[in-house]
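*Asks:* Here it is, the structure in full.
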Amino acid sequence: MAKRALITGITGQDGSYLAELLLKKGYEVHGMVRRSSEEKFERIAHLQGKVTLHQGDLLDQFSLAALLSLTQPDEVYNLAAQSFVPTSWNQPVLTGEFTALGVTKMLEAIRHTRPQVRFYQASSSEMFGKVLEVPQTEDTPFYPRSPYGVAKAYGHHITVNYRESFKLFAVSGILFNHESPRRGLEFVTRKVTYNVARIKHGLQDKLPMGNLDAKRDWGFAGDYVDAMWRMLQQDEPDDYVVSTNETHTVKELVEIAFARVGLDYTKYVFTDPAFVRPAEVDLLIGDAAKAKKKLGWEPTVRFKELVEMMVDADMERVKAGQR
Ligand code: NDP
Ligand code: GDR
Numbered sequence: 003m004a005k006r007a008l009i010t011g012i013t014g015q016d017g018s019y020l021a022e023l024l025l026k027k028g029y030e031v032h033g034m035v036r037r038s039s040e041e042k043f044e045r046i047a048h049l050q051g052k053v054t055l056h057q058g059d060l061l062d063q064f065s066l067a068a069l070l071s072l073t074q075p076d077e078v079y080n081l082a083a084q085s086f087v088p089t090s091w092n093q094p095v096l097t098g099e100f101t102a103l104g105v106t107k108m109l110e111a112i113r114h115t116r117p118q119v120r121f122y123q124a125s126s127s128e129m130f131g132k133v134l135e136v137p138q139t140e141d142t143p144f145y146p147r148s149p150y151g152v153a154k155a156y157g158h159h160i161t162v163n164y165r166e167s168f169k170l171f172a173v174s175g176i177l178f179n180h181e182s183p184r185r186g187l188e189f190v191t192r193k194v195t196y197n198v199a200r201i202k203h204g205l206q207d208k209l210p211m212g213n214l215d216a217k218r219d220w221g222f223a224g225d226y227v228d229a230m231w232r233m234l235q236q237d238e239p240d241d242y243v244v245s246t247n248e249t250h251t252v253k254e255l256v257e258i259a260f261a262r263v264g265l266d267y268t269k270y271v272f273t274d275p276a277f278v279r280p281a282e283v284d285l286l287i288g289d290a291a292k293a294k295k296k297l298g299w300e301p302t303v304r305f306k307e308l309v310e311m312m313v314d315a316d317m318e319r320v321k322a323g324q325r
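Laid out in structure tokens, this is it:
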């Protein structure tokens, strides 16, 4: 019989890639979606009829338990969160409700309704924040620098705690930044590649940016959802860092993106304090040796290829008058 998976956050970047992957593997895929006045599920439009969507919300614990009873999943991937770091300073309480307490709500629903489920929690390299070790591994202590990072650290610890307290098969994937042509427009990679395409097409002539010196370990979302799935196929639940083991500055990202369309970024990019954060994460670089050894996982897309893939996709979109 086909395995069943429930994905929260199926309308997000990772949810759409994960749903594709699980469908390819023969899973029956269920997704939880929030009710909105206009249903725009663009990232999963191509999966219509292949995945089953159900209304629910991480804030509504009863909706989670009801969904588990209805769908009877073997695996639950908790990808839903308020995931944009700057918003977490504007809405710290809401971020805590979704990104931190939402995890406990789901774990409680699993514990009482379907304790045999294998549970994946989407943890983040933002938990390392002001890093205490370079590169960062599963053993590096956390020092989060934003309400988002703090909330994710809570989500990580409660996942480990429920594993240890109630013997749930619960894993925390500590994923470093991962991107794709489906990335939201406010995140730095997509902001740059989309605006490069608009500039190249003559639709604008300036690009305001924040801190160009920040360094990130950027990989491809398609690779990272495969690591999530692998974590749930192990004999024992455990936590894993998933990263490329390379770090690059935002400036390098900007240079490569503009160069892809034959432009010099210095003519267009300027610093706008509105995009500078109250506290920055200066340097992230992950050591994914454990994921490689135990999961047999390795990234297939490197930084330059990733940026160029995103620029090319945005050039096509802008040409077609799409976002
Ligand atoms: P996105 O922001 O693209 O997607 C977030 C998803 O969460 C959307 O489907 C959104 O639904 C849903 N959501 C938000 N709040 C709620 C809620 N209260 N109830 C139900 N659903 C909700 O994120 P990504 O796909 O990039 O990331 C997936 C997860 O991985 C997130 O938890 C993120 O924090 C984490 N992560 C991401 C990394 C990355 O680099 N991408 C790295 C490490 C961790 P809607 O469409 O309705 O807004
Ligand atoms: P991040 O991603 O905060 O790492 O969180 P983001 O792409 O927003 O920022 C990366 C770095 O770029 C710098 N930066 C800018 N960022 C944005 N968004 N806009 C700008 O104009 C800009 N200029 C410079 C930022 O200061 C930062 O240093 C992402 C999210 O997906 C989280 O959900 C996830 O947990 C982490 O990655 C891992």
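For what it's worth, my numbering labels the leading residue of the sequence shown as 3, then goes sequentially. Every residue gets a Cβ at the ideal spot worked out from N, C-alpha and C, and that includes glycine.
(1) Is any non-hydrogen atom of the ligand NDP found closer than 6 Å to the C-beta of GLN57, if you look at the structure I gave you?
(2) Shorter than 6 Å, the distance from the beta carbon of ASN179 to the closest heavy atom of the ligand NDP, or not?
(3) Among LYS269, GLU110 and VAL95, which one has its Cα closest to the Cα of ALA172?
(4) Considering only residues of the same chain and omitting the five flanking positions on each side of ARG120, which have a CB-CB separation below 7 Å?
(5) Excluding five sequence neighbours on each side, which residues of the same chain lie with their C-beta closer than 6 Å to the C-beta of ASP2?
(6) Pull up the distance between the alpha-carbon of ALA7 and that of GLU188, whole angstroms please.
(7) Taking 6 Å as the cut-off, is the beta-carbon of ASP62 closer than that to any non-hydrogen atom of the ligand ATP?
(8) For TRP220 versus PHE305, is the C-beta distance shorter than 7 Å?
(9) Any idea if LYS169 is buried or exposed, counting beta-carbon neighbours within 10 angstroms, 16 or more meaning buried?
(10) To the nearest angstrom, how far is the alpha carbon of HIS158 from that of SER125?
(11) Just to confirm, is the Cβ distance from ALA216 to VAL252 under 7 Å?
(12) Measure the alpha-carbon distance for THR191 versus ASP141 and round it to whole angstroms.
(13) I'd like to confirm something about SER182: is its beta-carbon nearer than 6 Å to some heavy atom of the ligand GDR, or not?
(14) Assuming LEU289 and GLN93 are in contact, meaning their beta carbons sit under 8 Å apart, how far apart are those beta carbons, in whole angstroms?
(15) Among ASP241, ALA223 and ARG232, whose alpha-carbon lies nearest the alpha-carbon of ILE176?
(16) Apart from the five residues just before and just after ASP274, which ones in its own chain have a Cβ nearer than 8 Å to its Cβ?
(17) Using the Cα positions of LEU297 and LYS42, report the straight-line distance between them to the nearest angstrom.
(18) Identify every run of the beta strand (DSSP E) within the segment 249-302, keeping only runs that are complete inside it and at least 3 residues long; order them along the chain.
(19) Look at the alpha carbon of VAL165 and the alpha carbon of ILE112, and state the distance between them as a whole number of angstroms.
(20) Does the Cβ-Cβ distance between LEU70 and THR115 come in under 7 Å?
(21) State yes or no: is the C-beta of ALA155 within less than 7 Å of the C-beta of PHE144?
(22) Please state whether DSSP places ASN92 in a helix, a strand or coil.
(23) Using three-state DSSP, classify PHE1 as helix, strand or coil.
(24) Go ahead and label PHE64 buried or exposed: buried means 16 or more other beta carbons lie within 10 angstroms of its beta carbon, across all protein chains shown.
(25) Taking only three categories from DSSP, how would you classify HIS159?
*Replies:* Taking the definition as stated:
(1) no
(2) yes
(3) GLU110
(4) ASP76, GLU77, PHE171 and LEU234
(5) In the structure displayed, the chain extends from 3 to 325; residue 2 sits before or after that span and is not available.
(6) 29 Å
(7) Ligands in the displayed structure: the ligand NDP and the ligand GDR; the ligand ATP is not one of them.
(8) yes
(9) exposed
(10) 6 Å
(11) yes
(12) 28 Å
(13) no
(14) It should be noted that the sequence gives Asp, not Leu, for residue 289. Going by Cβ atoms, the distance from ASP289 to GLN93 rounds to 33 Å, so no, they are not a contact pair.
(15) ASP241
(16) PRO210, MET211 and GLY212
(17) 35 Å
(18) 271-273
(19) In the sequence as presented, Val is not what sits at residue 165; that position holds Arg. Cα-Cα distance, rounded: 12 Å.
(20) yes
(21) yes
(22) helix
(23) Outside the displayed span of the chain (3 to 325) sits residue 1, for which this structure offers no information.
(24) exposed
(25) helix
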